[in-house]
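In the numbering used here, the protein residues as written are 982 to 1149.
What follows is the structure, encoded as structure tokens:
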């Protein structure tokens, strides 16, 4: 396992942790090698959201992570993808929801466009996928207005920065 970054929550008060969650996420590349990120806008238990995050989500019982990342890219972004390789892992602490999340990142390439199959909660806040250059994403992810925006941006920034170090 290649640990990209271990991240701590400096936005919300610490109340201990009662859950560990495992996710698989994609650095999703199009034919121009631009990276796709989901636009998240709206309000939920974290508060007001207006940020981008990589497609991905929870690993289900008896599911392997490669299947998770493919399923999540299809459900959220509406793309069938090929997994090119494992990138690395982040460990994130989310004080508000008392959860430690272990996120495994994969470099994936778009193969075919389909229709997203988002869950009801995702439909409310998940807008569309946007493809931008690596440098554009680093600039966008370097700030955030709300607490949750800063938390998510910090994670995604570190992953994109790590990816950049491998390809340059």
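All C-beta atoms, glycine included, are put in the ideal place defined by N, C-alpha and C. Model, not experiment: these values are computed from the prediction.
query: Buried versus exposed call for residue 994 [16 or more other C-beta atoms within 10 Å across all chains shown]; result: exposed
query: As assigned by DSSP and simplified to three states, the class of residue 1095; result: coil
query: At least three beta-carbon pairs within less than 8 Å, the segment 1061-1080 to the segment 1088-1095; result: yes
query: The segment 1114-1132 touching the segment 1040-1056, judged by at least three CB pairs closer than 8 Å; result: no
query: Boundaries (first-last residue) of the alpha helix (DSSP H) holding residue 1079; result: That residue, residue 1079, is in no alpha helix (DSSP H); it is neither H nor E in DSSP.
query: Any 3 or more C-beta pairs closer than 8 Å across the segment 1072-1080 and the segment 999-1013; result: yes
query: Residue 1007 - partner residues in DSSP beta bridges; result: 1087
query: Pair within 8 Å by beta-carbon distance, residue 1037 and residue 1070; result: no
query: Contact set for residue 1026: own chain, Cβ-Cβ below 8 Å, skip 5 residues either direction; result: 1077 and 1078
query: Three-way DSSP call (helix, strand, coil) for residue 1066 in this model; result: strand
query: Inter-stretch contact (C-beta, 8 Å, three-pair minimum) for the segment 1018-1033 and the segment 1104-1117; result: yes
query: N-terminal and C-terminal residue of the alpha helix (DSSP H) that residue 1120 is part of; result: 1115-1121
query: Residue 1026, DSSP secondary structure in three states; result: coil
query: Given residue 1116 as reference, the closest of 1096, 1095, 1107 and 1139 once Cα atoms are compared; result: 1139
query: Residue-level contact to chain D via CB, residue 1058, 8 Å cutoff; result: This model lacks chain D altogether; it includes just one protein chain.
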